[in-house]
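Novice:
Number of protein chains: 2
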Amino acid sequence: MELIAERGYRRTSLAAVAERAGLTQQGLLHHFPTKELLLVAVLEARDRWDLASSAASAAGSWRTGTLAQLVDYNATRPGIVQTYTVLSADSVTEDHPARAFFESRFRAVREAMAAVLRAEFGETLPGGLTPERAAPLLVAVMDGLQLQWLLDPQDVDMPAAFRDFVALLGRGGD
Amino acid sequence: MELIAERGYRRTSLAAVAERAGLTQQGLLHHFPTKELLLVAVLEARDRWDLASSAASAAGSWRTGTLAQLVDYNATRPGIVQTYTVLSADSVTEDHPARAFFESRFRAVREAMAAVLRAEFGETLPGGLTPERAAPLLVAVMDGLQLQWLLDPQDVDMPAAFRDFVALLGRGGD
Numbered sequence: 001m002e003l004i005a006e007r008g009y010r011r012t013s014l015a016a017v018a019e020r021a022g023l024t025q026q027g028l029l030h031h032f033p034t035k036e037l038l039l040v041a042v043l044e045a046r047d048r049w050d051l052a053s054s055a056a057s058a059a060g061s062w063r064t065g066t067l068a069q070l071v072d073y074n075a076t077r078p079g080i081v082q083t084y085t086v087l088s089a090d091s092v093t094e095d096h097p098a099r100a101f102f103e104s105r106f107r108a109v110r111e112a113m114a115a116v117l118r119a120e121f122g123e124t125l126p127g128g129l130t131p132e133r134a135a136p137l138l139v140a141v142m143d144g145l146q147l148q149w150l151l152d153p154q155d156v157d158m159p160a161a162f163r164d165f166v167a168l169l170g171r172g173g174d
Numbered sequence: 001m002e003l004i005a006e007r008g009y010r011r012t013s014l015a016a017v018a019e020r021a022g023l024t025q026q027g028l029l030h031h032f033p034t035k036e037l038l039l040v041a042v043l044e045a046r047d048r049w050d051l052a053s054s055a056a057s058a059a060g061s062w063r064t065g066t067l068a069q070l071v072d073y074n075a076t077r078p079g080i081v082q083t084y085t086v087l088s089a090d091s092v093t094e095d096h097p098a099r100a101f102f103e104s105r106f107r108a109v110r111e112a113m114a115a116v117l118r119a120e121f122g123e124t125l126p127g128g129l130t131p132e133r134a135a136p137l138l139v140a141v142m143d144g145l146q147l148q149w150l151l152d153p154q155d156v157d158m159p160a161a162f163r164d165f166v167a168l169l170g171r172g173g174d
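Structure (structure tokens):
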């Protein structure tokens, strides 16, 4: 994660990771046969740390405010956000080694987001949406804003835009 | 576009494109020095055709209904959507040849979306959002849903989810 933060996705080589970790390249390849598989492991570790480091998660009480704080945090770490954006999009190509990871991650994230929305807003959101129907929109907004922000951080205020979307969802159900 | 539709992004080689177009590889490379630049040209052509083929655009009257029809159409052409998703995300990496194209495309699309929202909903959207503040959310939803749909078309109904988002925006301003 240090190297990705310093150099970005493209310039982080397995050789550099091995050196920073004090391993031979062969030692690193034993654990992670390809760069893609190493990066998937980095993203899995980020997911775990983000969950564990949130005080709210200890109480099982994620709310949209917790999500907004996560977006704030992401705005301070473009390297890892870049890695996530590139690798998740790349995974849609044929036979990609990270495809299974992202398929199951997106399903799990949609389910988790539906639970957050239900806990905060109940069964009915604006427009008559259920939490399950709003969840893919919430995930899409997070991902789509990351892409726009990575390309143009001056023009796109990612944390403010995310809060705008949450406000749309929180206006009371029909 | 035919080859991308048949084989997907990864398996579309410059050699195959040259053969299909009846060019030598050198002839093709004269016009498009890299695969990335060829693909950018394909995406530019798609943008032009989508604009020109819409009856609404002739009258200068794009509405959110026109956008929903475009999402319907995209759901029938996963190859080109895959190409857009992979290449736009890839463009955020250092010194990527398509970065300038996507930066200016996203700015133009946000402006166009703000104009669509203003024409349809006026100056104030739900939550007190201006068209300019809602536009990046609209673009993010389109892009983010494409990624989820490409990974899991059984679980994600992209056209229905997009219409859900438009309905959220159309509930009348504060």
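Those sequence lines, one after another, are chains B and Z. Residue 174 is where the first sequence ends in the UniProt record's numbering, and the numbering goes up by one at each step. Residue 174 is where the second sequence ends in the UniProt record's numbering, and the numbering goes up by one at each step. Virtual Cβ for every residue (Gly too), placed ideally from N, Cα, C. Just so you know, these numbers come straight off a predicted model, no measurement behind them.
Using 8 Å as the threshold, is the stretch 92 to 109 of chain B in touch with the stretch 146 to 159 of chain B, meaning 3 or more CB pairs across them?
Specialist: Per the Cβ contact rule, the stretch 92 to 109 of chain B is not in contact with the stretch 146 to 159 of chain B (fewer than 3 Cβ pairs under 8 Å).
Novice: CA-CA distance, Z:Gly128 and B:Thr34?
Specialist: Your numbering for residue 128 of chain Z matches position 128 in the second sequence. Your numbering for residue 34 of chain B matches position 34 in the first sequence. Cα-Cα distance, rounded: 48 Å.
Novice: For the alpha helix (DSSP H) containing Z:Leu117, list its first residue and its last residue.
Specialist: On the second sequence, position 117 is the one that residue 117 of chain Z refers to. Residues Arg99 to Phe121.
Novice: Cβ of Z:Ser91 less than 8 Å from any chain B Cβ?
Specialist: If you number the second sequence from 1, residue 91 of chain Z lands on position 91. Yes, Z:Ser91 counts as interfacial toward chain B.
Novice: Suppose the cutoff is 6 Å on Cβ atoms and the five residues either side in sequence are ignored; what does the same chain contact list for B:Asn74 look like?
Specialist: As a working mapping, residue 74 of chain B is identified with position 74 in the first sequence. Contacts found: Val81.
Novice: What are the uninterrupted segments assigned as alpha helix (DSSP H) that are 4 or more residues long and contained completely in the UniProt domain "HTH tetR-type" (1 to 50) of chain Z, given in chain order?
Specialist: 2 to 7, 14 to 21 and 25 to 31
Novice: Three-state secondary structure (DSSP) at Z:Asp155?
Specialist: Working through the second sequence from its first residue, we reach residue 155 of chain Z at position 155. Three-state DSSP puts Z:Asp155 in coil, outside helix and strand.
Novice: Suppose you measure from the CA of Z:Asp143 to the CA of B:Phe32; what does that come to, to the nearest Å?
Specialist: The residue labelled residue 143 of chain Z in the question sits at position 143 within the second sequence. The residue labelled residue 32 of chain B in the question sits at position 32 within the first sequence. Rounded to the nearest angstrom, the two C-alpha atoms are 30 Å apart.
Novice: B:Leu145 versus chain Z: which residues are under 7 Å apart at the beta carbon?
Specialist: Here residue 145 of chain B refers to the residue found at position 145 when the first sequence is read from its first residue. Scanning chain Z for C-beta atoms nearer than 7 Å to the C-beta of B:Leu145 yields Pro136 and Ala140, reported in chain order.
Novice: I'd like to know if Z:Arg107 contacts chain B, where contact means its C-beta is closer than 8 Å to some C-beta of that chain.
Specialist: On the second sequence, position 107 is the one that residue 107 of chain Z refers to. Chain B contact via Cβ: present.
Novice: Specify, as a first and last residue, the run of the alpha helix (DSSP H) that Z:Asp72 falls within.
Specialist: Locating residue 72 of chain Z in the second sequence gives position 72, counting from the first residue. Thr64 to Asn74 is the span of the alpha helix (DSSP H), which, as asked, contains Z:Asp72.
Novice: Taking 8 Å as the CB-CB cut-off, is Z:Phe101 touching chain B?
Specialist: As a first step, residue 101 of chain Z is located in the second sequence; it is residue number 101 there, counting from the start. No, Z:Phe101 does not count as interfacial toward chain B.
Novice: Which residue comes first and which comes last in the alpha helix (DSSP H) that contains Z:Leu87?
Specialist: Locating residue 87 of chain Z in the second sequence gives position 87, where the first residue counts as 1. Per DSSP, Z:Leu87 belongs to the alpha helix (DSSP H) from Pro78 to Asp90.
Novice: Does any residue of chain Z bring its CB to less than 8 Å from the CB of B:Val17?
Specialist: In the first sequence, residue 17 of chain B corresponds to position 17, counting from 1. Using a CB distance cut-off of 8 Å, B:Val17 does not count as an interface residue toward chain Z.
Novice: Could you work out which residue in Z:Arg99, Z:Gln26, Z:Asp164 and Z:Leu70 is closest to Z:Ala15 when comparing CA atoms only?
Specialist: Translated into the one-based positions of the second sequence, residue 15 of chain Z becomes position 15. The shortest Cα separation from Z:Ala15 among Z:Arg99, Z:Gln26, Z:Asp164 and Z:Leu70 belongs to Z:Gln26.
Novice: Taking 8 Å as the CB-CB limit, is Z:Ser88 close to chain B?
Specialist: Here residue 88 of chain Z corresponds to residue number 88 of the second sequence, with the count starting at 1. Yes, Z:Ser88 counts as interfacial toward chain B.
Novice: Can you pull the chain Z residues whose beta carbon is under 7 Å from the beta carbon of B:Phe165, in chain order?
Specialist: For the purposes of this step, residue 165 of chain B is identified with residue 165 of the first sequence, where counting begins at 1. Ordered by position in chain Z, the residues that pass the 7 Å Cβ test against B:Phe165 are Leu137.
Novice: Please classify Z:Ser13 as buried or exposed, where buried requires at least 16 other C-beta atoms within 10 Å of its C-beta.
Specialist: The residue given as residue 13 of chain Z occupies position 13 in the second sequence. With fewer than 16 Cβ atoms within 10 Å of its Cβ, Z:Ser13 is classed as exposed.
Novice: Select from B:Pro159, B:Glu120 and B:Thr76 the residue whose C-alpha is nearest the C-alpha of B:Arg171.
Specialist: Your numbering for residue 171 of chain B matches position 171 in the first sequence. Per the Cα distances, B:Glu120.
Novice: Would you check if the distance between the CB atom of Z:Val42 and the CB atom of Z:Thr83 is smaller than 8 Å?
Specialist: Counted from its first residue, the second sequence places residue 42 of chain Z at position 42. Counted from its first residue, the second sequence places residue 83 of chain Z at position 83. Cβ distance < 8 Å, so Z:Val42 and Z:Thr83 count as in contact.
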